[in-house]
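K.L.:
Could you have a look at this structure, given as structure tokens, before my questions?
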Amino acid sequence: MTSLPLNKLVVIGVGLIGGSFALALRHTGMVKQIVGIGRSQKNMQRAVELGVIDEIASNPAAALKNADFVLLAMPVGQTSHIMAQIAPCLESETIISDVGSTKQDVITAARTHLTRHLTRFIPSHPIAGTEFSGAEAASTHLFLDKHLIITPLTENSEQAISLVTALWQHCGAKVSCMPADQHDRILAIVSHLPHILAFTLMNHVHANIEDKPEEVLRFAGSSFRDCTRIASSSPEMWRDICLANQETLLKQIDVYQNKLSDLRTLLANNDGEALEKTFLQARETRQQWLESNQLLK
756 MTSLPLNKLV
766 VIGVGLIGGS
776 FALALRHTGM
786 VKQIVGIGRS
796 QKNMQRAVEL
806 GVIDEIASNP
816 AAALKNADFV
826 LLAMPVGQTS
836 HIMAQIAPCL
846 ESETIISDVG
856 STKQDVITAA
866 RTHLTRHLTR
876 FIPSHPIAGT
886 EFSGAEAAST
896 HLFLDKHLII
906 TPLTENSEQA
916 ISLVTALWQH
926 CGAKVSCMPA
936 DQHDRILAIV
946 SHLPHILAFT
956 LMNHVHANIE
966 DKPEEVLRFA
976 GSSFRDCTRI
986 ASSSPEMWRD
996 ICLANQETLL
1006 KQIDVYQNKL
1016 SDLRTLLANN
1026 DGEALEKTFL
1036 QARETRQQWL
1046 ESNQLLK
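With our numbering applied, the sequence shown corresponds to residues 756 to 1052, in that order.
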């Protein structure tokens, strides 16, 4: 069974998350060699220059030879294709994990393509990130005090789960476990829907500005900037996440639209008391969240 430190880590998708995982493990001395696989040669070369990875693999077979651990860190829409590609090259003791923002679709892909490796495929998701992407966005401390969720399979080896847990703890993450469907429902509420709202708000502004958008947006303040920060995120990544979590996300969009309709009714009825009560409830809920997570400075 693989032990720490890793002799060889393979990262497929050397961007913000995959690159930060590699940097964090290198920083803590938990890996000796890091090999990267990716679509953009420019990004991969930059990853080498920045010390995120040691070398670029020419093909999956070469990369996965003697690999202790493989991290799948590409957009979730590529998961099935990549799993099918690497399955024939995986060695018997290699542990595989992923960082996908959705889990049920990833597990379905694994059951299709990694049938001989299910004891060692540990589905995971770090609740961390920024609106930036690529190897240049990678940070040694991205996962410090952030949550990492494992959605284990019944077939998973306890030793493999323990090793994945230890790796993320060395990255500074707080590790917990939950069922995949619960993960996808929670993330639809607190991550996937907010991204849709940010993208939609920016498009709403664009559609309602007759003049040049920049002429109006120059008057936008920090509240607008904060509300739309994540609209700078990767469109490809969020397209894949939305489609992967489609059913659950559609339900959350419907719930949100009902809430917005309720608020519109209060406004149309000139019901200031109810509006204030609604805003107060929102403020108190946010305050409790900030205090419980020690996010208040």
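No residue lacks a Cβ here, since even glycine has one placed at the ideal position from N, Cα and C.
With three or more beta-carbon pairs closer than 8 Å as the criterion, would you say the region 775-784 touches the region 883-898?
P.N.:
Yes, since at least three Cβ pairs between the region 775-784 and the region 883-898 fall closer than 8 Å, the two stretches touch.
K.L.:
Among residues of its own chain, excluding the 5 on either side of G927, which ones have a beta-carbon nearer than 8 Å to its beta-carbon?
P.N.:
Excluding positions up to five away in sequence, the list reads A779, H896, F898, L899, D900, K901.
K.L.:
Hey, could you find the ends of the alpha helix (DSSP H) H836 is sitting in?
P.N.:
Counting along the chain, the alpha helix (DSSP H) containing H836 begins and ends at 834-841.
K.L.:
Taking all protein chains shown into account, do 16 or more other C-beta atoms lie within 10 angstroms of the C-beta of D936, making it buried, or fewer, making it exposed?
P.N.:
Flag for D936 reads exposed.
K.L.:
Please confirm whether A816 and M838 have their CB atoms less than 8 Å apart.
P.N.:
No, Cβ-Cβ distance for A816 and M838 is not below 8 Å.
K.L.:
What did DSSP end up calling L897 once you bin it into helix, strand or coil?
P.N.:
Note: L897 maps to coil in three-state DSSP.
K.L.:
With distances taken Cα to Cα, identify the nearest neighbour of L952 among I985, L942, N963, K929.
P.N.:
Looking at the Cα atoms, I985 is the closest of the given residues.
K.L.:
How close, in whole Å, do the beta carbons of T783 and H925 come, if the pair is a contact with beta carbons under 8 Å?
P.N.:
Rounded, the Cβ-Cβ distance is 5 Å, consistent with contact.
K.L.:
Classify A881 as helix, strand or coil using the three-state DSSP reduction.
P.N.:
Reading off the sequence, residue 881 comes out as Pro, not Ala. It is a strand residue.
K.L.:
Taking only runs that begin and end inside the region 849-882, name each unbroken alpha helix (DSSP H) of 4 or more residues, in chain order.
P.N.:
You should have 859-868.
K.L.:
What is the DSSP secondary structure of E1046, counted as helix, strand or coil?
P.N.:
Helix, per DSSP.
K.L.:
Between I877 and I904, which are expected to be in contact by the criterion C-beta below 8 Å, what is the C-beta distance as a whole number of angstroms?
P.N.:
Not really, about 11 Å apart at Cβ, beyond 8 Å.
K.L.:
Alpha carbon to alpha carbon, how far is L771 from A892? Give it in angstroms, no decimals.
P.N.:
When rounded, the distance between both Cα atoms is 5 Å.
K.L.:
Quick one: grab the DSSP three-state call for E810.
P.N.:
Strand.
K.L.:
Quick one: Cα of S946 to Cα of A802, how far?
P.N.:
Computed Cα separation, rounded: 27 Å.
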